[in-house]
Each structure stands twice: as structure tokens, then as C-alpha cells.
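> First residue of the sequence shown: 9, per my numbering; consecutive thereafter.
Mind having a look at this structure? Questions to follow.
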Amino acid sequence: MQRHFIRWCVAAWFSAAGAIASCQTTAELRNADVVMHFDAGAGGPRLVALQPSGQAAWKNRAAEALIDSADSNGAHLPLQWKFDEKASRIEARRIVFVYGSESPRLRLTWEWTSRADYGPVEHRIRIENLDSHELWLPLQDSWRFDWQVDAQAELEQLYVEKGDGSPSAEGTHEVSLANGYKWTGTSSTYAHPGQGEPREIIPWCLLESADNSRSGWYVGIEFSGRTSISLARDGESVHGTAGLNPSPGPFRTRLEPGATFETPTVFVGAFSGGADAAGNVLRRWEREVLTNRLTWQKPNYPVLVNNSWGSGMGIDEALAHRMIRDSAELGLEMFHIDAGWFRGVGDWYPNPEKFPHGLAAIADDAHQRGLKFGLWVDWTQAAFDTEPGALNARDPQVENWLVADLPPGWKPEPFKGQTIDIGYPPAKDWAQHEVNRLVDDYHLDMLEHDGYVVAQGCSRTNHPHAPPDPENTKIYQDWGASWVESSNMTDVSYHSVRAYYDIYSNLRKNHPDLLLEVCNDGGRMVDFGSAAHADYFSITDTYDPLSNRRAFYDTSYVLPPAMLESYVEKWPTPRIENFRYMLRSGMMGWTTIMLDTTAWSAEQHAAAKQEFQLYKNELRGFIRTADLYHISERPDGVHWDGTEYSDPQRKRGVVYVFRGSTEKEPRHTFLLRGLRSDGRYQLRFHDHSSADRVVAGRELLETGLTVYLPVSNSSELVFLDELQGR
Ligand SMILES: [Zn+2]
9 MQRHFIRWCV
19 AAWFSAAGAI
29 ASCQTTAELR
39 NADVVMHFDA
49 GAGGPRLVAL
59 QPSGQAAWKN
69 RAAEALIDSA
79 DSNGAHLPLQ
89 WKFDEKASRI
99 EARRIVFVYG
109 SESPRLRLTW
119 EWTSRADYGP
129 VEHRIRIENL
139 DSHELWLPLQ
149 DSWRFDWQVD
159 AQAELEQLYV
169 EKGDGSPSAE
179 GTHEVSLANG
189 YKWTGTSSTY
199 AHPGQGEPRE
209 IIPWCLLESA
219 DNSRSGWYVG
229 IEFSGRTSIS
239 LARDGESVHG
249 TAGLNPSPGP
259 FRTRLEPGAT
269 FETPTVFVGA
279 FSGGADAAGN
289 VLRRWEREVL
299 TNRLTWQKPN
309 YPVLVNNSWG
319 SGMGIDEALA
329 HRMIRDSAEL
339 GLEMFHIDAG
349 WFRGVGDWYP
359 NPEKFPHGLA
369 AIADDAHQRG
379 LKFGLWVDWT
389 QAAFDTEPGA
399 LNARDPQVEN
409 WLVADLPPGW
419 KPEPFKGQTI
429 DIGYPPAKDW
439 AQHEVNRLVD
449 DYHLDMLEHD
459 GYVVAQGCSR
469 TNHPHAPPDP
479 ENTKIYQDWG
489 ASWVESSNMT
499 DVSYHSVRAY
509 YDIYSNLRKN
519 HPDLLLEVCN
529 DGGRMVDFGS
539 AAHADYFSIT
549 DTYDPLSNRR
559 AFYDTSYVLP
569 PAMLESYVEK
579 WPTPRIENFR
589 YMLRSGMMGW
599 TTIMLDTTAW
609 SAEQHAAAKQ
619 EFQLYKNELR
629 GFIRTADLYH
639 ISERPDGVHW
649 DGTEYSDPQR
659 KRGVVYVFRG
669 STEKEPRHTF
679 LLRGLRSDGR
689 YQLRFHDHSS
699 ADRVVAGREL
709 LETGLTVYLP
719 VSNSSELVFL
729 DELQGR
């Protein structure tokens with residue numbers, strides 16, 4: 009997409025409206041992709057219209073639903089919000105409408121910000137307690153909308169699931185919005201699908217017109233706590249909300265005098281040309297605005313990793329040194345020790361029997377061989393170790409940090425214990441100190457967190473969050489951890505997630521070069537809040553080629569591929585074609601090898617070395633910044649699937665092609681995207697499955713690229729270079 013002309017425009021005017029005269033302020037925010045109109049009405053602030061560039065506007069009938077009451081000392085106080093024109097601000101990139109309540113004294117700030125001259129616009133609401141006593145607030149949604157649509161208009165919704173423990177058979181959902189349609193998608197850091205709970209979504213959804221324009225809007229939530237997005241259609245109305253999850257309710261949150269409650273920030277973007285066009289702008293915005301700029305400046309990001317979990321908990325000093333040698337020989341760039349290195353859960357010091365010379369010596373060996381060093385830690389888990397520095401659940405001070413008392417006979421699992429609530433300030437202080445210590449003591453270049461970093465519910469009554477409902481609280485145990493179901497769950501996650509972000513912001517400030525991997529039993533924490541506070545995600549906890557490609561297919565709609573980590577585990581590879589298929593299924597984004605490379609045959613070793621070289625020399629450049637197109641149906645392991653990267657700046661592209669287990673279909677044709685129809689392209693088949701040739705752009709776009717692969721479960725990489733001249 010070309011963006012040669014970008015204009016910012018702001019307008020404000022005031023008018024007296026007859027007998028019920030009140031000031032009216034309207035404003036406009038414009039960037040390359042969207043125009044938004046706002047109105048500070050007496051009934052509350054409103055996003056009046058959202059217009060994808062050059063397309064018809066979506067007209068919003070609803071003012072923002074501001075909370076209408078607060079509780080103080082058991083009294084239920086209705087709120088009357090009045091627009092505060094003086095405190096409000098209309099700037100080129102930011103619209104701030106302020107509303108005030110006189111009794112109790114509250115200030116509400118309703119804000120929209122475009123942090124770039126393209127892409128989505130961020131929206132948040134802050135409520136400050138200006139009174140002298142504690143108040144309790146009900147749930148304030150981040151955003152409410154009610155679009156006026158033609159009753160006949162055909163609309164489609166797209167949303168994607170988290171890769172979770174394992175990607176489901178569907179994963180990417182494209183749904184037609186029939187009259188009466190009702191949908192709610194939820195996200196948290198915990199999900200137990202299969203235990204009666206629905207699959208969680210990456211907190212984002214897109215709505216588009218099913219006409220040629222394929223234009224529409226999308227919303228995403230920059231928060232890792234319990235959030236939800238709802239959407240419904242009733243005739244001429246498409247309405248819904250985005251923000252904290254109101255269920256289980258009733259939600260309430262404490263607001264001390266002088267304190268501020270802030271809704272999770274949402275981003276709202278507009279697009280035309282379908283979901284991949286929306287994604288190409290969103291992913292660029294995430295790279296350039298939302299995520300850590302320093303990370304993208306590292307030339308070898310995303311880093312090629314060798315991880316020790318191929319040997320499970322069996323990692324020790326001898327194996328570590330052997331893996332480091334082989335990683336360097338193979339051209340890998342980071343050695344990553346997974347679980348199994350520590351004295352015990354909560355006791356994050358190297359096991360002296362396994363690592364008699366400590367972990368820093370391992371890190372130093374990695375560094376001397378030109379590798380980075382990464383470490384897995386489940387740093388919010390307490391257990392029973394009593395060594396100095398261990399987080400001991402029986403310590404009277406620590407007991408109150410746990411989300412619930414330990415049941416009689418409780419024992420930790422090998423790498424999970426009881427979760428502490430880092431939303432409780434003393435627990436947060438300990439965790440902040442501990443993660444800094446881990447990075448300093450063990451010379452880390454990367455810290456991976458796993459397990460339950462963010463508490464799911466908490467039974468404590470003396471933490472900052474709302475207390476649990478004594479009549480209706482359930483405590484569950486699984487995998488050595490507890491979780492608590494009560495009406496306070498969303499508020500617990502609100503405080504705990506803010507603490508998590510603070511801890512990682514502080515860690516980053518102290519260690520600007522550190523990389524942070526987000527893992528929560530695999531892909532349970534893939535959201536836009538953790539994207540803003542860490543560098544890459546484990547996108548699923550199942551690592552075979554199909555699961556890796558499925559999780560990548562879903563997640564790459566909404567996040568930069570460089571941030572999407574696939575672990576590549578051992579898989580049957582009788583032929584070298586199957587071996588490359590296994591590797592490449594995990595090489596479309598961030599690649600972590602998780603198998604014993606020393607067990608590879610000489611042929612496999614040589615093939616892997618070539619693949620890693622190719623990744624560094626050619627593929628990584630596309631993964632970092634190229635546009636991405638979903639050019640096939642979602643992978644099913646049987647049929648063919650493919651992903652296209654296209655870089656209009658470099659006039660280059662690459663198509664990852666996978667043939668599934670099908671015996672019937674030795675060739676397949678993919679319609680390509682993002683190319684110039686009047687251009688000519690040099691095609692290069694990396695494995696020489698076909699002769700290299702020059703093809704017209706129009707042919708690739710309209711007839712397609714045909715690939716022939718004689719072997720089931722094999723792959724090809726087809727590079728495209730646009731030729732000069734016609
Ligand atoms: Zn708590």
C-alpha cells in the first residue's frame with residue numbers, strides 16, 4: 009500500500025442548541041487508514057463515525073456507557089457526569105474529553121490516541137478518585153459501539169483462537185453475521201478447554217462488509233487479564249462491547265483517594281481489502297508502535313534457538329555443554345535451558361548435583377561460542393524448599409501471598425507449585441527482585457516465564473483487589489496449582505496483570521538488551537498487552553508440524569510473525585523431505601529447536617545446517633518486516649497449505665509450501681497476493697522441485713503458482729524477485 013499523502017485535521021466548534029443549550033464539542037482524528045469523528049454530548053462522549061480511508065463510514069448510535077454509580081461506605085451513590093470543556097483537549101493525534109462528577113468527586117478522562125500516522129487508534133478511559141474516602145466502582149467497559157447498518161447488508165466476522173495447549177481443528181473463524189447473531193469471545197491467562205470452558209480467543213475481532221470493498225473495522229485489547237469482546241446483530245444494529253470480562257459478576261473494584269482506575273486500552277482500526285490487508289497494517293503498527301523498538305533493532309531478531317526440553321527434565325552440565333557445542337556447529341544463535349535446572353519449584357537456583365559449576369558457567373560457555381543464553385523460570389510459584397532465597401509456601405509471610413491456603417497433603421509438581429498473587433505489593437516486590445537477580449546471576453540474554461504468572465482468582469481479603477464472595481467461592485487444584493473462582497476474578501487479574509507489566513517494565517529498564525519470552529502452558533497468554541511488554545510468544549504447547557502450522561496460521565492474522573515462536577519437536581522423518589517439512593513447519597516465525605540434535609544422522613545434520621543458514625540469510629528478512637498473506641485454507645495435515653511473504657520495498661517474496669499426507673494430489677496451485685499484476689517475477693524453487701522461470705505477476709495473481717511435490721509430508725520454498733522493466 010502506498011502512503012504518499014498523510015493529512016492531519018482537527019476541528020472543534022461550539023453551538024448553543026436552543027432551550028436545552030449546552031456546549032457541544034466535536035472533533036476529528038484522521039490518519040492514513042481511518043477518519044474518526046467524536047462528540048462530547050451531554051449524555052456522554054461518543055465515537056460518532058469510523059471511516060476506513062476512501063470507504064463508507066460506520067455510524068455509531070451509542071454514546072460511551074459511563075458507569076452510573078459508585079459505592080461508598082455501603083451507600084450506593086448515583087453519578088452525574090458533566091462535560092468539562094476546559095480540561096478537555098483536542099490535539100492533532102489525541103482527543104481527550106473530560107467529564108466530572110461532583111459527588112462523589114470523580115474525574116473521567118475519555119481518550120483516543122493515534123500513535124502513528126497510520127494504523128489503529130488507541131482508546132482508554134481513566135477514572136480518578138478526587139474524593140477523600142475510598143470508593144467502589146462497577147465495571148467500566150473500555151468501549152461500547154452500536155453501528156447503524158443496512159438490514160440487508162452482508163457482514164462477516166473474523167476471530168482467531170489462542171493456540172493454547174493445542175490448536176483446535178478450526179482456530180480461524182469466519183462467520184456470517186445473520187440477524188439475531190450473538191457472540192462473546194473471552195481471553196485470560198488461564199484456559200481449560202475440554203473442561204467445559206470455551207476456547208479462548210486472542211482478544212481481537214474484525215468485522216467487514218462482504219462486498220467487493222471488504223472494508224470494515226477491528227478491535228483488539230492490550231491487556232492480559234480477564235477480558236471479553238461481544239458482538240450482536242439485531243436488524244439495523246450491530247452492537248457490542250470490548251474490555252474487562254464482566255463475568256462472573258458483579259464486578260467491583262476498589263478506588264483509594266487519589267487513585268486511578270484505567271480500563272484496558274483497546275485499539276480500533278479500519279481497513280479495506282480484507283483481513284490480510286488489515287493484518288499487514290496492524291502488524292506493522294505493532295512492530296513500530298506497540299512493541300519494544302530496541303528488539304526490532306537487533307539484526308538477528310528473531311533468534312534461532314536450541315532448547316533443552318527435547319531431553320525433558322534431564323538437562324545437566326554435561327548435556328548443556330554438548331548442546332552448546334552442537335548449537336554453534338549448526339549455526340543456531342541461542343542456547344535455551346528449559347525446566348529441570350533448578351533446586352526445586354520456587355527455589356530458582358541451579359541444582360548443585362546437575363550443575364556443580366553453576367549456571368553462569370554455562371552462560372559463559374554459550375557466550376564464548378557466540379550464542380545467547382536463555383532460561384525457563386516459573387517465577388510466581390511457591391513450594392516447600394527452605395534453602396535461602398527459596399519462595400517457601402510455609403513461610404508465614406509468604407502464606408498470605410498465595411492465592412489460597414494449601415489443602416492438607418498438598419505437594420508441588422516437578423515444575424509447578426502454588427501461585428502467588430503478584431497484585432499484592434509485597435509479593436510483587438519479591439518477584440521484581442527475583443527476576444532481576446536471575447538475569448544478573450545467570451548472565452541471561454533471555455528469560456522465559458511459564459505457568460501461572462497472573463493469578464486466576466484469589467481468596468485473600470487483604471489484597472488490593474476486591475475480596476471474594478464468601479457465599480460463592482470455589483477453589484480448584486490441578487497440576488499442583490490452585491485457582492479460585494469467585495466474583496472477584498476479573499478484578500484480581502486487573503491488579504495482577506498491572507503488576508506483571510510493572511515487573512517487566514522495570515526488568516527491561518535494568519536490562520535493555522534482555523529478550524522476554526511469554527509462555528503460559530504454551531499459548532495461553534497470546535494477547536496485545538503481553539506483546540507490549542515482552543518480545544515473543546510460545547504460541548502453542550503441541551509441537552508437531554501440523555500443530556505448529558495451525559497455531560501460526562491463526563496467530564499470524566494479528567501479530568508479527570517474528571514474535572510467534574514454534575517449538576520443533578521430534579517427529580517421524582523417514583525421508584530427508586519429511587525432515588525439512590518438520591523443520592520448516594516451525595520456521596515461518598521465531599524458531600526454537602526442541603529435539604536432540606546430536607541424535608540426527610549426518611544427512612539430517614547437514615540439511616538442518618543448510619536450513620538454518622537459509623533462515624538467517626533469506627527467510628528472517630521476510631519474517632521481520634514483509635507483508636504476510638494466508639494463501640490457502642487453514643492447514644489440516646492432509647491437503648496442501650501455504651503462506652506467502654511479500655516485501656513491496658525490496659520487491660521480493662517467498663512462498664512456504666507444504667504438501668500434507670495426501671496421496672492423491674501431487675501438485676497444487678496457489679493464488680498469490682500482494683504482487684504487481686504488470687510486473688514480471690523470477691521464480692526460484694529452492695529445492696529444485698521445478699525449473700526456475702520468469703512469470704508475469706498477472707499470472708501469479710489470477711492463474712496461480714503451481715508446485716509439484718512427489719513426496720507426502722514434504723515442502724518447498726519458492727522465492728520471487730520482481731524484475732526491472734516490463
Ligand atoms: Zn490476591
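Cβ coordinates follow ideal geometry from the N, Cα and C atoms, glycine included.
Please check the pair valine 576 and leucine 603, which I expect to be a contact at CB under 8 angstroms, by giving their CB distance rounded to whole angstroms.
Rounded, the Cβ-Cβ distance is 7 angstroms, consistent with contact.
> Closest to glutamate 724 by CA distance: which of Gln612, Gly705, Ile584, Gly629 is it?
Glutamate 724 has its Cα closest to that of Ile584, out of Gln612, Gly705, Ile584, Gly629.
> Going by beta-carbon coordinates alone, are leucine 3 and glutamate 619 separated by less than 9 angstroms?
Nothing can be reported for residue 3: it is not among the residues displayed for the chain, which extend from 9 to 734.
> With a threshold of 7 angstroms on Cβ separation, who are the neighbours of tyrosine 738 within its own chain once the five nearest residues in sequence on each side are excluded?
Outside the displayed range of the chain (9 to 734) lies residue 738, so it cannot be described from this structure.
> Among the candidates Ser494, Ala435, Val461, whose CA atom is the shortest distance from the CA of proline 775?
Residue 775 is absent from the model: the chain starts at 9 and stops at 734.
> Just to confirm, is the Cβ distance from alanine 390 to glycine 417 under 9 angstroms?
Their beta carbons are not under 9 angstroms apart, which means alanine 390 does not touch glycine 417 by this criterion.
> The alpha helix (DSSP H) with glutamine 405 in it runs from where to where?
Taken as a continuous stretch (DSSP letters only), the alpha helix (DSSP H) holding glutamine 405 covers 404-407.
> Excluding sequence positions up to five away, which residues of its chain have a Cβ less than 6 angstroms from the Cβ of histidine 541?
Once the five neighbours on either side are set aside, the close Cβ partners of histidine 541 are Tyr509, Tyr512.
> Pull up the distance between the alpha-carbon of tryptophan 648 and that of threonine 670, whole angstroms please.
Distance between the alpha carbons of tryptophan 648 and threonine 670: 8 angstroms.
> Within 10 angstroms of the Cβ of glutamine 59, are there 16 or more other Cβ atoms? Answer buried if so, exposed if not.
Buried, because 16 or more other Cβ atoms sit within 10 Å of the Cβ of glutamine 59.
> Mind listing, in chain order, the continuous beta strand (DSSP E) runs of no fewer than 3 residues lying wholly within the region 291-350?
Correct list: 313-315, 342-345.
> Can the beta-carbon of serine 174 be found less than 9 angstroms from the beta-carbon of serine 538?
No, Cβ-Cβ distance for serine 174 and serine 538 is not below 9 angstroms.
> Here's the rule: buried if 16 or more other CB atoms are within 10 angstroms of the residue's CB, otherwise exposed. What is tyrosine 4?
The structure shown does not extend to residue 4, since the chain spans only 9 to 734, so no value can be given for it.
> Alpha carbons only, please: which of Glu264, Gly281, Gly251 is nearest the one belonging to phenylalanine 275?
Comparing Cα-Cα distances from phenylalanine 275 to each of Glu264, Gly281, Gly251, the minimum goes to Gly251.
> Beta-carbon within less than 8 angstroms of tryptophan 89's beta-carbon, same chain only, minus the 5 sequence neighbours each way: which residues are those?
Gly52, Leu74, Tyr107, Gly108, Ser109, Leu116.
> Look at the Cβ atom of threonine 581, then the Cβ atom of tryptophan 491, and state whether they are nearer than 9 angstroms.
No. Outside cutoff.
> Please enumerate, following chain order, all residues with a beta carbon closer than 7 angstroms to at least one heavy atom belonging to ligand 1.
Listed by chain position, these are Val411, Asp429, Gly431, Tyr432, Ala463, Cys466, Arg468, His471, His473, Val500.
> Identify every run of the beta strand (DSSP E) within the region 424-491, keeping only runs that are complete inside it and at least 3 residues long; order them along the chain.
With a minimum length of 3 residues, the continuous beta strand (DSSP E) runs that stay inside the region 424-491 are 454-457, 482-486.
> How should histidine 45 be labelled, buried or exposed, when 16 other C-beta atoms within 10 angstroms of its C-beta is the threshold for buried?
Looking at its Cβ environment, which holds 16 or more other Cβ atoms inside 10 Å, histidine 45 is buried.
> Specify, as a first and last residue, the run of the beta strand (DSSP E) that leucine 652 falls within.
Inspection of the sequence shows that residue 652 is occupied by glutamate rather than by leucine. Taken as a continuous stretch (DSSP letters only), the beta strand (DSSP E) holding glutamate 652 covers 648-655.
> Going by C-alpha distance, which of Pro364, Val353, Val406, Ala398 is nearest aspartate 386?
Residue Val353 is the option with its Cα nearest to aspartate 386.
> In chain order, what are the residue ranges of uninterrupted beta strand (DSSP E) at least 3 long that sit wholly in the region 536-593?
If we require 3 residues or more, the beta strand (DSSP E) runs fully inside the region 536-593 come out as 544-546, 572-576.
> Quick check on the DSSP output: what are the complete alpha helix (DSSP H) runs of length 4 or more inside the region 625-649, in order along the chain?
Taking only runs of at least 4 residues, the alpha helix (DSSP H) segments lying wholly in the region 625-649 are 628-633.
> If I follow the unbroken alpha helix (DSSP H) through leucine 622, where does it start and stop?
Residues 610-622.
> Going by beta carbon distance, what residues of the same chain come within less than 6 angstroms of tryptophan 118, once the five residues before and after it are set aside?
Counting only Cβ-Cβ distances below 6 angstroms, and skipping sequence neighbours, we find Pro53, Phe105, Ile133.
> Tell me whether aspartate 373 is buried or exposed, calling it buried when 16 or more other Cβ atoms sit within 10 Å of its Cβ.
When all chains shown are included, aspartate 373 counts as buried.
> Who are the Cβ neighbours of alanine 29 in its own chain at under 7 angstroms, not counting the five residues just before and after it?
Because alanine 29 sits at a pLDDT of 29, beneath the cut-off of 50, its placement in the model cannot be relied upon, and the point is left open.
> Any idea which residues DSSP pairs alanine 57 with across the strands?
Answer is His45, Lys67, bridged to alanine 57.
> Could I get the ranges of all uninterrupted beta strand (DSSP E) runs contained in the region 74-109, with 3 residues as the minimum, in chain order?
Runs found: 77-80, 83-86, 90-98, 102-109.
> Is the number of C-beta pairs between the region 524-538 and the region 188-201 that are closer than 8 angstroms three or more?
Contact between the region 524-538 and the region 188-201 is present, because at least three Cβ pairs lie under 8 angstroms.
> Straight-line CA distance for glycine 224 to glutamate 216?
About 4 angstroms.
> Alpha carbons only, please: which of Trp155, Thr273, Glu341 is nearest the one belonging to serine 245?
The candidate whose alpha carbon is nearest that of serine 245 is Trp155.
> Is the beta carbon of aspartate 413 closer than 9 angstroms to that of glutamate 421?
Contact flag unset, no.
> Excluding five sequence neighbours on each side, which residues of the same chain lie with their C-beta closer than 6 angstroms to the C-beta of leucine 713?
Only Phe678, Leu680 meet the Cβ criterion.
> With C-beta atoms as the reference, is leucine 147 less than 9 angstroms away from leucine 185?
Against a cut-off of 9 angstroms, the Cβ pair of leucine 185 and leucine 147 comes out as no contact.
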